[in-house]
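Residue numbers (my numbering): 43 to 271.
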């Protein structure tokens, strides 16, 4: 019996694929290294070009039967992009993947958004007619200006049943806010699964050093999560 046979039952049998379509974003989160202003790759040809690569990977994966494709930007649902017909491009993208699959494997398309948009009717129709849901991101610090936060809270009500889960980043200030008590976070926790990502500095800026928590602060945060949540 090989080592891999021994650990086989401990290895997950599903697969997650992260697909970033482009970097353009209407937010400017302090911990995000992406180029928020570039429109590179934000076009139909470049988006559809990713479909064969993803489909080939799924078809050639011999272990997994369940695949979750996390589709993100940048921000995919910006008002300007919706007005330019990007929802139709996203439909073509997922259809192009589906049309190339040669197996009976199950594929879930999970769109990721900051909820910072106002073209709500178009987005809700897009999700419902395709059977999609999306994941959202939330951070108490370093994410919103006041206008963006207001739109986010309005969209939380409007899209309550279309949200799959919430992602947060463990920055020093956001962890401190949750420890002290954050009303929006508590609301999200009551409704959805919440996942935390460790901060991965990538820009080498002073902001990275300011945002990175100490190990002792991470430990304190973990204790609060265990005790309170």
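No residue lacks a Cβ here, since even glycine has one placed at the ideal position from N, Cα and C. The model shown is predicted, which means the values in this text are computed figures rather than measured ones.
Anyone know if the C-beta pair for residue i and residue j falls short of 8 Å?
| i | j | result |
| --- | --- | --- |
| residue 157 | residue 97 | no |
| residue 151 | residue 111 | yes |
| residue 180 | residue 227 | yes |
| residue 200 | residue 231 | no |
| residue 109 | residue 147 | yes |
To which residues of the same chain is residue i closer than 7 Å at the C-beta, ignoring the five residues directly before and after it?
| i | result |
| --- | --- |
| residue 234 | 205, 207, 208 |
| residue 155 | 117, 118, 119, 176, 178 |
| residue 80 | 65, 66 |
| residue 126 | none |
| residue 103 | 57 |
Applying the criterion that 16 or more other CB atoms from any shown protein chain within 10 Å of the CB defines a buried residue, is residue i buried or exposed?
| i | result |
| --- | --- |
| residue 45 | exposed |
| residue 89 | buried |
| residue 84 | buried |
| residue 185 | buried |
| residue 288 | The structure shown has nothing for residue 288, since the chain only spans 43 to 271. |
| residue 213 | buried |
| residue 60 | exposed |
| residue 261 | exposed |
| residue 211 | buried |
| residue 137 | exposed |
| residue 242 | exposed |
| residue 93 | buried |
| residue 255 | buried |
On the DSSP letters alone, give me the boundaries of the beta strand (DSSP E) that residue i sits inside.
| i | result |
| --- | --- |
| residue 234 | First-last for residue 234: undefined, no H or E at that position. |
| residue 206 | 205–212 |
| residue 76 | Counting along the chain, residue 76 falls outside any beta strand (DSSP E), and DSSP gives it neither H nor E. |
| residue 180 | Per DSSP, residue 180 belongs to no beta strand (DSSP E) and is neither H nor E. |
| residue 110 | 108–114 |
| residue 152 | 148–155 |
Would you report the Cα separation of residue i and residue j, rounded to the nearest angstrom?
| i | j | result |
| --- | --- | --- |
| residue 194 | residue 159 | 8 Å |
| residue 77 | residue 162 | 25 Å |
| residue 222 | residue 130 | 43 Å |
| residue 166 | residue 145 | 30 Å |
| residue 26 | residue 196 | Within the shown structure, residues of the chain are numbered from 43 to 271, placing residue 26 beyond reach of any answer. |
| residue 121 | residue 132 | 15 Å |
| residue 173 | residue 107 | 20 Å |
| residue 99 | residue 139 | 11 Å |
| residue 7 | residue 225 | In this structure the chain extends from 43 to 271, so residue 7 is not present and cannot be described. |
| residue 51 | residue 95 | 28 Å |
| residue 86 | residue 220 | 40 Å |
| residue 229 | residue 182 | 13 Å |
| residue 171 | residue 218 | 40 Å |
| residue 203 | residue 113 | 19 Å |
| residue 53 | residue 101 | 20 Å |
| residue 153 | residue 48 | 36 Å |
Measuring only between beta-carbons, confirm whether residue i sits less than 8 Å from chain B.
| i | result |
| --- | --- |
| residue 104 | This model lacks chain B altogether, as it is built from one protein chain only. |
I'd like the list of long-range same chain contacts for residue i, defined as Cβ closer than 8 Å, with 5 residues on each side in sequence excluded.
| i | result |
| --- | --- |
| residue 70 | 78 |
| residue 164 | 124, 129 |
For the alpha helix (DSSP H) containing residue i, name the first residue and the last one.
| i | result |
| --- | --- |
| residue 48 | 45–49 |
| residue 196 | 188–200 |
Might you give, ordered along the chain, the residues of its own chain that have their beta carbon closer than 6 Å to the beta carbon of residue i, omitting 5 neighbours on each side?
| i | result |
| --- | --- |
| residue 168 | 129 |
| residue 68 | 117, 120, 158 |
| residue 190 | 158 |
| residue 263 | 217 |
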